[in-house]
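In my numbering, the protein residues as written are 1192 to 1300.
The following block contains the structure:
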């Protein structure tokens, strides 16, 4: 069965993401970001449905966000760079300035 079309365009961005259910304690890296969410490459994904506290470190600012895990795939650390392990996270009310920064052309500000 084909995957449903994404509602928003995904922008490839690799930035450090700290995340956790109670506080941002684990480290992963974004693979892509859209207005509705992001894919986080990590060997420690949380189960779908989990509410996560996220800390996104950009050169211009650090953003604290909330998100819900939509899908998760586990695997060896060697698969991290392929995007085969990690989780898809739906962002909950991300601030407009965050969306403008991550969706701007070129490296994240």
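Every residue, glycine too, gets a C-beta built ideally from N, C-alpha and C.
Just so we're clear, the structure is a prediction, and the values are computed from it rather than from any experiment.
- Mind checking whether residue 1246 and residue 1255 have CB atoms under 7 Å apart? yes
- Message: Which of the three DSSP states is assigned to residue 1292 in this structure?
- Response: In the structure shown, residue 1292 sits in a helix (DSSP, three-state: H, G or I).
- Nearest CA to the CA of residue 1213: which residue from 1207, 1237, 1233 and 1220? That would be 1237, whose Cα lies nearest to the Cα of residue 1213.
- Which value, in whole angstroms, describes the spacing of the CA atoms of residue 1279 and residue 1208? 13 Å
- Message: Spatial neighbours of residue 1233 within its chain, please: C-beta separation below 6 Å, excluding the five flanking residues on both sides.
- Response: 1219 and 1277
- Starting from the N-terminal side, write out each stretch of the beta strand (DSSP E) that is 3 residues or longer and does not extend beyond the stretch 1228-1285. 1228-1232, 1242-1248, 1253-1264 and 1277-1283
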